[in-house]
Every structure is written in C-alpha cells, then in structure tokens.
Amino acid sequence: MKSGKTKCRIIIFFIFSISYFNVQGQTKTYLLETIPTGADVLNNKDEVIGQTPFDLKNYPKKSDTIAIAKENYDTAWIAFPANSYNRQFPQKVV
412 MKSGKTKCRI IIFFIFSISY FNVQGQTKTY LLETIPTGAD VLNNKDEVIG
462 QTPFDLKNYP KKSDTIAIAK ENYDTAWIAF PANSYNRQFP QKVV
C-alpha cells in the first residue's frame with residue numbers, strides 16, 4: 412500500500428549576465444541556465460522557443476511570461492514586467 416506521498420522534482424534555474432569582448436567591443440549575454448540542462452523554454456502560447464541554456468535575447472518581447480518545463484520535473488514560470496527590456500531609469504531620483 413502506498414503512503415500517499417508524492418515526489419516533487421524541481422528544476423533549479425539561474426539568470427545571469429556574461430560580458431565578453433569581441434573585435435567591435437563589449438557584448439552582454441543574458442543566459443537562463445537550469446539544473447538539469449536541456450529544459451524546454453515555452454512562450455505564453457505554450458510553444459517551445461528553445462532549450463536551456465537559453466539566451467534571453469531570443470526571448471519574445473511581447474510575452475510577459477515564459478515557462479521552463481522538463482519531463483518528470485515541476486514546471487517553473489518566470490514573469491517579466493511589461494516593457495522591462497526597454498525601460499530606462501534616471502541616474503538621479505528627484
């Protein structure tokens with residue numbers, strides 16, 4: 412007889428920035444990493460738009476939420492504030 416306990420497997424994810432230099436100057440890359448790697452990245456229409464590690468430059472800017480899914484693991488959702496990719500903040504707050 413089963414005890415009624417359910418197993419929960421969680422995908423751990425990280426978003427970090429990598430700066431590297433090329434001939435034309437410095438370039439920033441924002442990567443979405445997961446443990447384990449190879450998780451599907453889905454847009455808000457549940458369409459797979461890539462796998463981890465995922466370059467957030469490929470993130471559909473019109474989507475506010477992406478999901479990270481892998482078989483036998485819980486799905487994680489990441490919500491981005493609207494227009495956060497284009498928001499500029501003043502250097503000094505008045």
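Residue numbers (my numbering): 412 to 505. Every residue, glycine too, gets a C-beta built ideally from N, C-alpha and C. Just so we're clear, the structure is a prediction, and the values are computed from it rather than from any experiment.
When the Cα of residue i is compared with those of the options, which residue comes out closest?
{"i": "residue 374", "options": "457, 445, 442, 451", "result": "With the chain covering 412 to 505 only, the question about residue 374 has no answer from this structure."}
{"i": "residue 486", "options": "452, 441, 442", "result": "452"}
{"i": "residue 466", "options": "484, 443, 482", "result": "443"}
Please classify residue i as buried or exposed, where buried requires at least 16 neighbouring CB atoms within 10 angstroms.
{"i": "residue 450", "result": "buried"}
{"i": "residue 463", "result": "buried"}
{"i": "residue 448", "result": "exposed"}
{"i": "residue 440", "result": "exposed"}
Taking the beta strand (DSSP E) that residue i belongs to, which residues open and close that run?
{"i": "residue 453", "result": "451-453"}
Throw me the rounded Cβ distance for the residue i and residue j pair, which I believe falls under 8 Å.
{"i": "residue 454", "j": "residue 477", "result": "6 Å"}
Could you check what DSSP says for residue i in three-state terms: helix, strand or coil?
{"i": "residue 488", "result": "strand"}
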